[in-house]
Structure formats: structure tokens, C-alpha cells
Amino acid sequence: MSQLSFLDKLLDGVEVEWLPLGEFGQFIRGGGLQKKDFVESGYPAIHYGQIYTKYGLEAKETFTFVSSELATKLKKAKKNDLLLATTSENDEDVVKPLAWLGDSVAISGDMMIFRHEQNVKYLTYCIKTTEFQSSKKKYITGAKVKRVSKDNLTKILVPIPCPNNPEKSLAIQAEIVRILDTFTELTTELTTELTTELNARKQQYNYYREQLLSREHHSSVQCTLGDALDMRAGKHIKANNINKFEKNEFIYPCYGGNGLRGFVSDYSHDGSYVAIGRQGALCGNIKRANGKFYATEHAVICSAKNGVNIDWVFHMLTYMNLNQYKSKSAQPGLAVSKIAKLPITIPPVAEQTRIAAILDKFDALTNSIIEGLPREIELRQKQYEYYRDLLLSFPKPSDEAA
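As C-alpha cells, this is what we get:
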């Protein structure tokens, strides 16, 4: 059955109206609750930050409580209210919804109660659609802290089936929620299975890497990283010269202290190298850098000397966890002179090549977003979002006119 015929059957001839949130519900601003107010037991309470960190898209119980005395002074949500976190550090999370299905609950500031007569889970699914997220963007204010005001929230449109017939409307909403709940459950189950498989493969990869890289060959040579590698810092580049456009024939990847930073129109290196981040909390991260690329002064670029396989070097440096050697300062860093003195055991080049080939296969299966399970997990999530949006993509009046 096609999506169109399914919706036609579901709607049974009724029209869907795109209505501003403020037209069919009331926004109530929270306030007066801070994290320091939480107690071991008492009145159920939700802090806006928990909507991002503790909850999914629905809940009927809280993780935290406040005293009964404080609760009398706080705004409270009731069953079927929609809770919205109206402050965030990024555009994607601001106005994250939580369908409240439990009894009375106290709420903090930087969140809103939306009180209405619709199916709260239906509204939650509507808010997560691409359509709503796109509409929301024009109302976001702030630089470091992103906000959407109460007045602007009232303007955002959502599709409501036959709003003049509440009983029929709720029945249609409930059926859409049932379908999406089932799809959500199946997607979550599959994602959990894939994640479990991914973790198992990571453990398997780490086990074999340990076995392959810690075993000494009878012809192994003891030396330092400086003996095996030529290590040099990259070149300075202005931050505004590093762009986020995609790579093409004349655009080259740029590596910095935390790995790939973006792309640039010039290159500083051409060949097979390993890049070590040497500044910031993630210093010591290891990246392969092949072909033409640019390396900033916050990256150490390593080339292999005679008798050393650069792919083996990548796996060995990753295994060594260079982050443990960072300076203990406000801005952690790795000194090239320090890591150059680290001891290393180098097997014959043929053995290096064999080890690198085995670990490359594990690495592709475990970590590659294209070949491995992470890509599969991402595709399942995108598939879910596609069908959710499709199920809620009712035509607007302007679409019909066109």
C-alpha cells in the first residue's frame, strides 16, 4: 500500500489543518527550580537539562525530587502536557520535547509546559520532524546559548487532522502514534542489537591488536619513535582559511590538534603519513593522512624511515595511547621531543605489513562509517526519520495551490 493511499484511508476524507501551536494550546513558563534543590525523595521534579540527558521522548516518572515545601511554589505539569526545553547549546536540541504521561510534576526554568487537548505523543513526533525543525530555525536567538521564546513558539505550525471534530482527530492521531511507536520500538531494538555487535567487534579488535602488537618477533629491533619516524610539526594557517566545504579535485583536507578540521585550497604534504594531534584535550589522537593534505602547527606529521611500514605505525601509535603523555596544564599538549624518546619494538617489515593488513580489516569492520556497523546504525536511524516524516508530511494550503 502506498503512503498516499494509506493516509487517504486513515484520514477517511477529513482534512488536515496546519495550525499555530498558540491557536490550540497554552504555554506555561517554568522557573524557580535549580539542581541544588534536588532531594533524595519528595515531590517529582524535572530540570530542563535532564530533558537532554535523562529522558527520551516520553516519561511518566522522574529521576529527581524536590521538597514538598518548594513544590508548592513551582509550576507543575500534568498528564498529557508537553514539556519543551527552550534553552540549549546548539540549534538541534533547543525545543527538545518530552511527552509527560505521569502525575503532577514540578518543572524548572528554561522550559515550557504546553497544555493542549491533542495526543501529546503525536505532538512530540511532529516536533521531531524535519518540517518542524526547519520552521524552528528562524526563531532561534543567541550565540553561545540558543533560545526560542514563548511568543515565537506560538507561531510554529503543526498538522492537526480535522480540528473541528476532536473525537475523530484524536482517533487519527492515536493511530499515527501507534504506527510510529511500533516503528520506534523496532528501530531501537535493531539499533541495540547492532550496537551490541559493534561493541563485541571492538573488543575483538582490541584483543587481536594487543596480541599482534605486543608480541616480539625474534628479529625485532628495540629503538625509539624518533629512530623509526621523521616527526615534524605542521604549518600555521589562519582559522578563517579553513572551510567546511566538501573535498574536490582542488580542495584538500586540513588536520589540526583534534584531527580533521575542514578543507583548504592548498596543501603542505603529499604522500603517506600519520598525523598526531599535539594540542588540546584530545591530543595524541592518531589519523592517517594520505595524498595531498594540509597540516597545521597543532599536528605532528610522521613519515616512516627505512624499514618501517606507515600503516603499521598508525596501529602501533593508536595502541600506545599517546594522550597519556600530555602535559598537565590548562591547555594540554604533547612535546615532539618527549614522544620522540618513547621506546618502541619494531618487527621485520614483512611482519609489519602482515600485522597492518589484519588490523586494517578489523579497523574497517569496526570503525569505518562506510563499511562498518556504525554506518548501518546511522542508516537505520535515517530510515526511521524518513518514514516518520513521510507519515506526518500532510500538504499545506500553499502546497495544494501549487
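Quick note on the working numbering: the sequence shown kicks off at 17 and runs consecutively.
Using N, Cα and C, we set each Cβ at its ideal position, and we do this for glycine too.
A quick note: this is a predicted structure, and the numbers were derived from the prediction, not measured.
Taking the Cα positions, Lys412 is about 34 Å away from Gly125. In the DSSP secondary-structure assignment, Glu33 is bridged to Ile176.
In the three-state DSSP reduction, Pro113 falls in the strand class (E or B). In this structure, the alpha-carbon of Glu394 lies about 42 Å from that of Cys239. By the criterion of at least three beta-carbon pairs nearer than 8 Å, the region 294-310 is in contact with the region 339-350. Note that the C-beta distance between Tyr310 and Val280 is below 7 Å. Taking the CA atoms as reference points, Lys166 sits about 21 Å from Asn135.
Val161 carries a coil assignment under DSSP once its states are collapsed to helix, strand and coil.
Rounded to whole angstroms, the Cβ separation of Leu173 and Ser151 is 7 Å, and the two are in contact under 8 Å. Scanning its chain for C-beta atoms nearer than 8 Å, with the 5 sequence neighbours on each side dropped, one finds around Val329 the residues Ala244, Leu245, Val290, Cys318, Ala320, in chain order. Per DSSP, the beta-bridge partners of Thr103 are Arg163.
One Cα belongs to Gln50, the other to His63, and the distance between them is close to 7 Å.
In this structure, Ala216 sits away from Tyr271, with a CB-CB distance that is not shorter than 7 Å. Relative to Ala101, the option among Asn259, Pro113, Gln219, Pro175 whose CA is nearest is Pro113. If you look at Cys299, you'll find it isn't in any alpha helix (DSSP H); DSSP assigns it neither H nor E.
In the structure shown, Asp246 adopts extended strand secondary structure according to DSSP, grouped into three states.
Straight-line measurement puts the Cα of Ile44 at about 6 Å from the Cα of Met128.
Just measuring C-alpha positions, the residue of Pro269, Lys308, Ala351, Tyr283 sitting nearest Gly293 is Ala351. In terms of Cα proximity to Phe79, the closest of Glu56, Val161, Leu407, Asn96 is Glu56.
Relative to the Cα of Phe130, the nearest Cα in the group Ser104, Leu27, Lys91 belongs to Lys91.
Here the alpha carbons of Tyr138 and Val193 stand approximately 6 Å from one another. Taking C-beta separations shorter than 7 Å and ignoring five residues to either side along the sequence, the partners of Glu232 in its chain run Thr361, following chain order.
With contacts defined by Cβ atoms closer than 7 Å, Tyr335 and Leu229 form a contacting pair. Residue pairing from DSSP places Arg131 in a beta bridge opposite Gln42. In this structure, the beta-carbon distance from Leu375 to Arg225 falls below 7 Å.
Asp327 is the residue among Pro363, Thr103, Asp327 whose C-alpha sits nearest the C-alpha of Ser288. Taking Ile143 as the centre and dropping the five residues before and after it, the same chain places the C-beta of Pro113 closer than 6 Å to its C-beta, in chain order. Leaving aside the five residues that flank Asn274 on each side, the residues in its chain whose CB is nearer than 6 Å to its CB run, in chain order, Gly293, Gly296, Leu298.
In this structure, the alpha-carbon of Pro182 lies about 56 Å from that of Ala255.
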